[in-house]
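Please read the structure below before turning to the comments.
2 protein chains.
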Amino acid sequence: MATKFASEMNVKFLLYDVFDVCSLLEKPYYSHHNKKMFDMVLKAALKLSKDKLFPLLEDMDREEPELVAGEVKVHPSVPALMEEYGNGGWIGASFSESVGGEQLPLMITSCIKYFFTSANYSASVYPELTAGAAHLITAFGNEDLIKTYVPKMIDGKWQGTMALTEPDAGSSLADIATMAFDNEDGTYRIQGQKVFISAGDHNGVENVIHLMLGRIEGAPEGVKGISLFVVPKKRIQADGTLINNDITVSQVFHKLGYKGAPITELVVGEQGETIGYLIGEPHKGLFYMFQMMNESRLGVGMGATGIASAAYYASLEYAKERLQGRKSGQKKIDQSQVPIIEHADVKRMLLFQRSIVEGSLALLIQCAKYADFATLTEGEEKEKNDLLLDILTPIAKSYPSEMSVLSTSQAVQCLGGYGYCKDFPVEQYYRDTRIHPIHEGTTGIQGMDLLGRKVIMKEGKAFQLYLEVVKETILSAGEAPTLQGQAKQLANALQQLEEVTAFKIIQRAERGVEVFLADATLYLEYFGLITIGWQWLKQAVVALKMIPEAKKNQRDFLAGKQVTFNYFFAYELPKIQGLAIRLMDNEAVTVEAGLSDFSD
Amino acid sequence: MATKFASEMNVKFLLYDVFDVCSLLEKPYYSHHNKKMFDMVLKAALKLSKDKLFPLLEDMDREEPELVAGEVKVHPSVPALMEEYGNGGWIGASFSESVGGEQLPLMITSCIKYFFTSANYSASVYPELTAGAAHLITAFGNEDLIKTYVPKMIDGKWQGTMALTEPDAGSSLADIATMAFDNEDGTYRIQGQKVFISAGDHNGVENVIHLMLGRIEGAPEGVKGISLFVVPKKRIQADGTLINNDITVSQVFHKLGYKGAPITELVVGEQGETIGYLIGEPHKGLFYMFQMMNESRLGVGMGATGIASAAYYASLEYAKERLQGRKSGQKKIDQSQVPIIEHADVKRMLLFQRSIVEGSLALLIQCAKYADFATLTEGEEKEKNDLLLDILTPIAKSYPSEMSVLSTSQAVQCLGGYGYCKDFPVEQYYRDTRIHPIHEGTTGIQGMDLLGRKVIMKEGKAFQLYLEVVKETILSAGEAPTLQGQAKQLANALQQLEEVTAFKIIQRAERGVEVFLADATLYLEYFGLITIGWQWLKQAVVALKMIPEAKKNQRDFLAGKQVTFNYFFAYELPKIQGLAIRLMDNEAVTVEAGLSDFSD
């Protein structure tokens, strides 16, 4: 049975050596921290992951949440986990000390998330959602809301949710139909239906706090009429006791994977007795929500990376132990069988996985760094950090999500028939991770966000900044002779990206927005490959510098980095060529296909 | 709920219009058949699929086989299904009338298989395995074996299995350790362990007949010492009664999908009382087995195609009904939402699926045609058919298998959150089809078979024949002006395939077999894309000719063919460019990676 799910050495390499998290310590907001403290936090997170989360992985998959007497019954370990998350400060890790948080930078909390999601994705979702919801209240709610809800949430006593989706409003949030009626006492009566609400109800906590999108009676249509409310499962009476707030769980979904966390359908205000509390100003709900969207989309990317990481280590362990066959060209039967890791094709499947896991993790820490510095800087520097975060977010959400599906599939393949069986964990990883290209905006939505919004916003300023930072990495690699080939390869790819993008912009003018966006998903994939190439080159530059002075086990790790970097540039990055052909093709095959073309 | 899982119109288009199955009627062996009879058989197969198999799809997934008191308990519908398969002549469909079969060509039985697997893959496996095992007995067993076993198997009373794999001999069949001791009375005592045996035991039949590989005491080591035995679960006593043959089911596996059929682990001859009957000559077992391997590998390709087909139609149906969002550039909220099939990205996901399903089905019927003609021709013509079947088999097994994983994943994606839930069938298709890149030789094994054996055998004769038949299709397209672009594109691809292959052959001489085969899986993928491109061009040529005289609904179908053909050449075929870059690269990244490169 697999024992390893994440690499502490890799996390430290990325945090300290590649992304220099300690540069944050110079900022007053983080000046009370130090490297030793970061180390301790990481160690504690890994310990919790190993001791409490990972052992529950299979159990939480096998004992699915159920709807019992109107309440969602989850795995019996959840209450203790929530307490642990609360007491350990894990839910409030990124919150400022002023609201009871640990005031840790996102670069660190991202890595905590990596440990948690790789150990047990379902279990990681409860605190993650709670932190996200509490974040929204802290950022845009009034003092009263903050005081009432945030401490209980950070303590793990109350669960938080993001209640956006409705039966007729999934990808199309403009169509949200949940209504809010002004009670003229500072509260609203809420009525509607929500679907696919993660942790939307469960018996592991005392209360569930929904951050719910709805439409105030008389509000403008579309996205400009959506408001954000705090809607608790149980509202607090004057005497401090809790009373049901008329939210009914009409369904708990049975899913392909990710079974340890309940996904629910909620009927809100069926008896007309649901009270909600407005966050910020009316009609600005979607704006507030999108302020947090980067965070939750990066969270999805990390979930996908974590699961791919666990699957990678499980298949690596298997490949080292499983004896099967002989090496090509050495087929004599009197030789004993070799561990399958000696077969080139198995090494290829392992390097594929590692290149995705470590490439994705690097990109996610890169994004966290931009996010951290965006809150610590001002003016042009802040704008630069914000814009880079904006343009990278759809990639950091989608590349790990899409590739985790393929990566866990290769983990299954490494185990052959055993990979298809429940005796090994890889089939669960394969099921669990399939949610990621769907939730928090499907891959299709991310593609349109990247090409239709991020690349062209502010006259392409984010895109230009992106080109600059990648070029900086290429320049830094140019000094090392062994990296010149790949540096040149990335420079060519970057130039091609500019050409493809220019082609698309012209296409938009000439052919209209539908043709322009028809292959946005492919553009996203294309952009993603180049971006991960950038992150690999960045790592290779650092690894190369470190090797001469590294100790034995770190030297092996760094040499493995070089090999994985070589793998990515030899096997993955060339895939942009096929995509570029399609992206520079003006035939609007899909746009022009009509309904009758799908008949027979 | 989805209602359609396969297209009868497409099957008829391929059989009659593209591959001219009626040309077989000129051969004496099939001269008693006619087109009307083929039609009737197809209709009956589709009816059985609709009425009996498809309704059990979900049920058989939810009620997994279990080991109860030493016997595998399967879904209660299995006995009636086996009777139906037997009485309807479905198991014996491809057998000659001399042994009680229907003497139908493989082109027809392939399409029957397509209907069965698309309706319910698990349910289709029972008769398929039985037919495969009975085929082996018929082809290489003596009269006595044929008389004793084949009629009962064709009647569906006895289940057949292929018992190859052992705990230490999966991909490496050379390491088979099951022993056979000569009883010197024409029988053998068998002892060993078999694992991952599909339908290796179940209570839906009276008896289970294993076609088992083993090693006669004193046999040469390796593949040249393996013999093939008939080993029944219950052997037949002189008085005709059945007695247990000392085979114990030690485990029934719990799997990711494909749950309606049991996969078992068997302990054979623990009490020393298992009797087996040698098929053909000693030590030729693997040779016999491989005579049937083409058939079972094409069967896997068809299973993958069938599941992808069902997932395609399920997601198509959903996309036509589900309203969500507005078209790009028409974002006004006062317009009502459109069915998601109007979004270009959804059409792309649907065309992707259709291009895989119909491309794969075409290739599989193409292979069946070569197989049919190989048995009906002699001399050079027979050799041509045999060689083309040989070189295409690893592709016809792997392209559908690998792509069905991606195709069913896109079906899930079309349904968004609902696709991840058990309320819709697509998540099951996604789980079910993941077995295909694994069983009957993993994709890695197929890659080595293609590049390491098929391409170079007989001094490249099969490869040359392949180039010729593809060029014939290109020539036939050249006459139609609208197809010239794609015909040229395929001609270029074919030329590049020759260059890549020549590069590989030189690499083999210069760098040795390990480097030569290191990227065999990529070569297989590359070869597969070109081959499916060929099959699409072939279909497009025929469709184009038919359109002027087609009736309305067939005209729509044919127009859809053209669109899907355009999709494949615009989106899929360009993927060869990235692969070619890697295949023509001499850096042996994976071969040179050592064990220490996977440490940290």
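In the order they appear, the protein sequences are chains A and B.
For the first sequence, my numbering begins at 1 and goes up steadily by one.
For the second sequence, my numbering begins at 601 and goes up steadily by one.
Built from N, CA and C at the ideal position, the CB exists for glycine as well.
Secondary structure of residue i, DSSP reduced to three states
i               : result
D972 of chain B : helix
E479 of chain A : coil
T187 of chain A : coil
M812 of chain B : strand
S324 of chain A : Reading off the sequence, residue 324 of chain A comes out as Gln, not Ser. Three-state result, Q324 of chain A: coil.
M162 of chain A : strand
T501 of chain A : helix
Q335 of chain A : coil
V74 of chain A  : coil
S171 of chain A : coil
N610 of chain B : helix
E666 of chain B : strand
N87 of chain A  : helix
Y567 of chain A : helix
Q851 of chain B : strand
I154 of chain A : helix
A540 of chain A : helix
G792 of chain B : strand
D201 of chain A : coil
Chain A residues whose Cβ lies nearer than 9 Å to that of residue i
i                : result
S677 of chain B  : Going along chain A, no residue has its Cβ under 9 Å from S677 of chain B, so there is no contact; the nearest lies around 22 Å.
P1174 of chain B : Q577, G578, L579, A580, I581, R582 and D585
N1092 of chain B : What N1092 of chain B touches in chain A: nothing, since even the nearest Cβ is about 12 Å away.
Of the residues the options, the one placed nearest residue i, counting alpha carbons only
i                : options                              : result
Q1064 of chain B : B:L646, B:K984, B:A1118 and B:A1170  : B:K984
Y714 of chain B  : B:V1113, B:Q1162, B:A962 and B:T1101 : B:A962
V621 of chain B  : B:D1119, B:K997, B:K969 and B:A1118  : B:K969
V150 of chain A  : A:Q191, A:L104 and A:F95             : A:F95
V249 of chain A  : A:S118, A:A69, A:H75 and A:G379      : A:A69
L614 of chain B  : B:C967, B:I1074 and B:E1172          : B:C967
F796 of chain B  : B:L764, B:G818 and B:Y1126           : B:L764
K397 of chain A  : A:Y420, A:Q484 and A:G301            : A:G301
A799 of chain B  : B:E865, B:K824 and B:V1026           : B:E865
P679 of chain B  : B:Q1107, B:Q1154, B:G741 and B:P727  : B:P727
T531 of chain A  : A:E342, A:R511, A:A491 and A:T590    : A:A491
P437 of chain A  : A:L56, A:G272, A:I395 and A:V513     : A:I395
With 16 other Cβ atoms within 10 Å as the buried cut-off, status of residue i
i                : result
Q291 of chain A  : exposed
P232 of chain A  : buried
G325 of chain A  : buried
D239 of chain A  : exposed
N34 of chain A   : exposed
E468 of chain A  : exposed
I216 of chain A  : buried
M1003 of chain B : buried
D1049 of chain B : buried
Proximal chain A residues relative to residue i, where beta-carbon distance stays under 7 Å
i                : result
D1200 of chain B : S7, M9, N10, F557 and G560
Y1171 of chain B : R582
V1191 of chain B : A344
Proximal chain A residues relative to residue i, where beta-carbon distance stays under 8 Å
i               : result
I941 of chain B : L595 and F598
8 Å Cβ cut-off: residues of chain B touching residue i
i               : result
P282 of chain A : Per Cβ cutoff of 8 Å: no residues; P282 of chain A is ~17 Å from chain B at best.
Y430 of chain A : L856 and R1034
Residue i: contacting residues in chain B (beta-carbon distance under 7 Å)
i               : result
Y420 of chain A : K855, L856, R1034, I1035 and I1038
G325 of chain A : S771 and S772
Presumed contact (8 Å Cβ cut-off) between residue i and residue j, rounded CB distance
i               : j               : result
D945 of chain B : A520 of chain A : 7 Å
G86 of chain A  : A93 of chain A  : In fact, because the Cβ distance is near 11 Å, the residues do not count as touching under 8 Å.
M889 of chain B : L828 of chain B : 6 Å
V18 of chain A  : Q539 of chain A : 6 Å
L242 of chain A : N207 of chain A : 6 Å
Practice task
Report the residues of the segment 508-523 of chain A with a CB closer than 9 Å to any CB of chain D, ordered along the chain.
Solution key: Here chain D cannot be found, since the structure's protein chains are A and B.
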